[in-house]
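According to the UniProt record's numbering, the sequence shown holds residues 1 to 424 in order.
Here the structure comes first, spelled out in structure tokens, and everything after it is commentary.
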Amino acid sequence: MTQTNQAIEVDGDRLSPPPPAASPAVSAVLENDDLVGEILLRLAFPTTLVRAALACRRWLRVASDPSFLRRFRELHPPRLLGFYVTSLKIPRAHPLFVPMPPPARPPELDPVVLRGGNFSLAYEGYTTSIYQCRNGSILLFKEKHDRRELKYAVHRPLQHPERGLLAIPFSSTHDDDDDVEPDLGFDDENVWGFHFGEDGGSQLYRLSVMFTPRGATSAWFYAFRDGGWHVHTKATAQLPGLPPESAGFVVVRDKAYLAATSSSVLVLDLKSSSLYTIQLPDGVEFPPVMMWYNDRSHDVLFGRASDDSGVYIADLKEPQLRIWLLKHGSTGWTLVDTICLRSMCANLHINCVGGDSRVVYMDYVGDDAEFLFLKTDECALYLDVKSRQLHKVYEVTEKDEILFSIMPFMMIWPPIFPVRKEIS
Numbered sequence: 001m002t003q004t005n006q007a008i009e010v011d012g013d014r015l016s017p018p019p020p021a022a023s024p025a026v027s028a029v030l031e032n033d034d035l036v037g038e039i040l041l042r043l044a045f046p047t048t049l050v051r052a053a054l055a056c057r058r059w060l061r062v063a064s065d066p067s068f069l070r071r072f073r074e075l076h077p078p079r080l081l082g083f084y085v086t087s088l089k090i091p092r093a094h095p096l097f098v099p100m101p102p103p104a105r106p107p108e109l110d111p112v113v114l115r116g117g118n119f120s121l122a123y124e125g126y127t128t129s130i131y132q133c134r135n136g137s138i139l140l141f142k143e144k145h146d147r148r149e150l151k152y153a154v155h156r157p158l159q160h161p162e163r164g165l166l167a168i169p170f171s172s173t174h175d176d177d178d179d180v181e182p183d184l185g186f187d188d189e190n191v192w193g194f195h196f197g198e199d200g201g202s203q204l205y206r207l208s209v210m211f212t213p214r215g216a217t218s219a220w221f222y223a224f225r226d227g228g229w230h231v232h233t234k235a236t237a238q239l240p241g242l243p244p245e246s247a248g249f250v251v252v253r254d255k256a257y258l259a260a261t262s263s264s265v266l267v268l269d270l271k272s273s274s275l276y277t278i279q280l281p282d283g284v285e286f287p288p289v290m291m292w293y294n295d296r297s298h299d300v301l302f303g304r305a306s307d308d309s310g311v312y313i314a315d316l317k318e319p320q321l322r323i324w325l326l327k328h329g330s331t332g333w334t335l336v337d338t339i340c341l342r343s344m345c346a347n348l349h350i351n352c353v354g355g356d357s358r359v360v361y362m363d364y365v366g367d368d369a370e371f372l373f374l375k376t377d378e379c380a381l382y383l384d385v386k387s388r389q390l391h392k393v394y395e396v397t398e399k400d401e402i403l404f405s406i407m408p409f410m411m412i413w414p415p416i417f418p419v420r421k422e423i424s
């Protein structure tokens, strides 16, 4: 029987015609890894890349190759899916997920956004807030309403929908007494924070720094493993001054950066276990300590390069925003961008230059300083640095009272591919 491309009937059921055999030219393309890679680079999202990798083992091998993934990420950086807002009013006792509005959120990502939005961060009897959110991993801070119990937990809504994935103790545990960190508490002289590892989730680190009026600075960098905190690096040095208001900290390759004085950055070298300072650019200063309820509103904030090539600082002095880059291994800052917010704010009916008090605060600097989240007393703002577009993405309501923090929720990178043996 001769095969044709016509539909046929078998036992009364009409079947689709068999696919035509691939031409030699098509086979030559689909059996060439380099050409398949060029085809896959035309896909816009990691989700479609994963679906394409399901076609066959060859496509999976090409799509999951590290060199290909580096090229794909350069062309299609991970998308911002939405953000979490945390307020200070008890009725809103947990972070609220807000999807990014179109066109910042393409419709192809709606299923992923829905999965993240359906994941609840509410715990009965607890007030919760997000301390860190990176690459799909969320470090959640839980506090009992009576303040008798504090807990941390890691959640990964896009990978593990179950709750309470990993419980994190605040206190440190060590194998020998010489590594025991003093009780730092929450005094102004002490800086502490958490950092997800380079893969964005499977590794968690903690940084504690103690400054004293006598100029001694001690730093402890911990890794979380086997259910407890263990010293990764510790260092002590004589450095002058006490820290200003915290601008957060970032880890780039083997160095951690945080505010040291109003005009300098403290650097902890994780390889050499040493501490030193780098001066801020001329005219840039970390602000003095502010009242506790504005603790997340800064004039100066850190950001990081997505390829770990350097650290960014965003400096906001209304109405001007300046972005600086410190390359890894360098001690000199480069001004990479200057943006005037006056007309952008005016388009949103926000007067950012009126009166003696500040109106617009920075809250988060994205990787490569490609975007920033800012806030006012009335709303949250999203600034797309490349397109020079400022968007109002959230309106403060009576349920919020005070908008405390904004945490972006990004698409996971690298994508998670199926196990190779499952693909034919």
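All C-beta atoms in this analysis are idealised placements derived from N, C-alpha and C, irrespective of residue type, glycine included.
Are the Cβ atoms of residue i and residue j separated by less than 8 angstroms?
i	j	result
Tyr131	Phe83	no
residue 466	Ile350	Residue 466 lies beyond the residue range present for the chain, which begins at 1 and ends at 424; the question has no answer from this structure.
Phe286	Ser262	yes
Lys375	Asp363	yes
Ala314	Val252	no
Phe373	Pro408	yes
Trp333	Pro281	yes
Ala153	Thr127	no
Phe371	Tyr382	yes
Val385	Asp337	yes
Val311	Val250	yes
His328	Ser309	yes
Ser137	Phe97	no
Glu401	Leu88	yes
Val359	Cys379	no
Val36	Val62	yes
Leu139	Leu121	no
Asp299	Lys271	no
Lys144	Gly125	yes
Leu390	Leu326	no
With a CB to CB cut of under 8 angstroms and the five nearest residues on each side skipped, what residues in its chain are close to residue i?
i	result
Ala235	Ser218, Ala219, Leu268, Asp269, Ser273, Ser274, Leu275
Pro106	Ala44, Phe45, Arg79
Thr48	Glu108
Leu81	Pro99, Met100, Arg105, Leu109, Val112, Val113, Gly116, Phe409, Met410, Met411
Ser330	Gly310
Can you tell me which residues form a DSSP beta bridge with residue i?
i	result
Ala219	Val209, Ala235
Thr331	Partner(s): none; Thr331 has no beta bridge.
Tyr382	Phe373, His391
Ser274	Asp269
Thr128	Lys142
Arg304	Val311
Pro408	Phe83
Gly248	None, per the DSSP bridge assignment.
Leu326	Val311, Trp333
Ile168	Tyr152
Gln320	Lys317, Cys340
His230	Ala223
Gly116	Looking at the DSSP assignment, Gly116 forms no beta bridge with any residue, so it has no partner.
His349	In DSSP, His349 forms no bridge with anything.
Lys255	Val252, Asp269
Might you give, ordered along the chain, the residues of its own chain that have their beta carbon closer than 7 angstroms to the beta carbon of residue i, omitting 5 neighbours on each side?
i	result
residue 436	The chain is shown from 1 up to 424; residue 436 falls before or after that span and cannot be answered.
Leu41	Arg71, Phe72, Leu75
Ala216	Thr236, Gln238
For residue i, does the three-state DSSP call read helix, strand or coil?
i	result
Asp368	helix
Leu280	coil
Glu143	strand
Cys133	strand
Asp337	strand
Ala122	coil
Leu158	coil
Ser27	helix
Leu109	helix
Ser264	strand
Phe196	strand
Excluding five sequence neighbours on each side, which residues of the same chain lie with their C-beta closer than 6 angstroms to the C-beta of residue i?
i	result
Val265	Tyr257, Ile278
Gln320	Cys340
Leu335	Trp324
residue 438	In the structure as shown, the chain begins at 1 and stops at 424. Residue 438 is therefore absent and cannot be evaluated.
Gly303	Tyr312, Val365, Ala369
Ser129	Thr86, Phe141
Asp33	Val62
Arg322	Asp315, Thr338
Leu301	Ala247, Ala314, Met362, Val365
Ser64	Phe417
Thr233	Phe221, Leu270, Ser273
Is the closest heavy atom of the ligand SAM to the C-beta of residue i under 7 angstroms?
i	result
Met410	Within the structure as shown, the ligand SAM is missing, as the structure has no ligands at all.
For the stretch 30-103, list the beta strand (DSSP E) runs that are entirely contained and at least 3 residues long, ordered along the chain. If only uninterrupted beta strand (DSSP E) runs of at least 3 residues are considered, those enclosed by the stretch 30-103 are 80-87, 96-99.
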